[in-house]
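Colleague: The numbering of the sequence shown is numbering that gives the first Met the number 0, which starts it at 0 and goes up by one.
No residue lacks a Cβ here, since even glycine has one placed at the ideal position from N, Cα and C.
Everything numeric in this text was worked out from a predicted model, so none of it was measured.
The structure is given below, and queries will be raised subsequently.
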Amino acid sequence: MTDTVKFENTVTEVNEGFVEEVHSIEDIDSATDFELKHTPNIELVELASGQLIKVTIGLKGISHPQTEEHFIEWIRAFDGDEPLGTVAFDPSITPYAEFEVERSSSQIIVQALCNLHGLWEARV
Ligand SMILES: [Fe+2]
0 MTDTVKFENT VTEVNEGFVE EVHSIEDIDS ATDFELKHTP NIELVELASG QLIKVTIGLK
60 GISHPQTEEH FIEWIRAFDG DEPLGTVAFD PSITPYAEFE VERSSSQIIV QALCNLHGLW
120 EARV
């Protein structure tokens, strides 16, 4: 697994040498359930030292399956182009990740990989 990301492209390296198209929702009001259930949900909590980034998968109450056949493999986050870390899941674990960042003017970017449906991204 690697944190290498090429944000200027519409594709991103996800696992060593393996590249995926980056999916994201353009318009939340016209998003499909398929899009909603794959998209990272980002909650920012203000801390004295910075911000806590809490991530679940799925928007508007639509959650992604987590089974042997179909599951979220990992969640990773970036502060701008700076990797904050990656949290991996096996099919028995509900995907949830927390990252801490010092207060930053950069955009927070969160990506999640579904084993069947590829890479999904949200930004705040
Ligand atoms: Fe999926």
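For the beta strand (DSSP E) that contains K53, what are its first and last residues?
Modeller: Here the beta strand (DSSP E) through K53 covers G49 to I56.
Colleague: Closer than 6 Å: is that where the CB of H22 sits relative to any heavy atom of ligand 1?
Modeller: Result no, Cβ not under 6 Å from ligand 1.
Colleague: Does DSSP put I41 in a helix, in a strand, or in coil?
Modeller: If DSSP states are grouped into helix, strand and coil, I41 belongs with the strands.
Colleague: Comparing the CB of L35 with every heavy atom of ligand 1, is any distance shorter than 6 Å?
Modeller: Checking every heavy atom of ligand 1 against the Cβ of L35, none is found closer than 6 Å.
Colleague: State yes or no: is the C-beta of V10 within less than 7 Å of the C-beta of E25?
Modeller: Going by C-beta atoms, V10 is not nearer than 7 Å to E25.
Colleague: Would you kindly report the start and end of the unbroken beta strand (DSSP E) that includes G84?
Modeller: Per DSSP, G84 belongs to the beta strand (DSSP E) from E81 to A87.
Colleague: Going by beta-carbon coordinates alone, are I71 and P90 separated by less than 7 Å?
Modeller: No, Cβ-Cβ distance for I71 and P90 is not below 7 Å.
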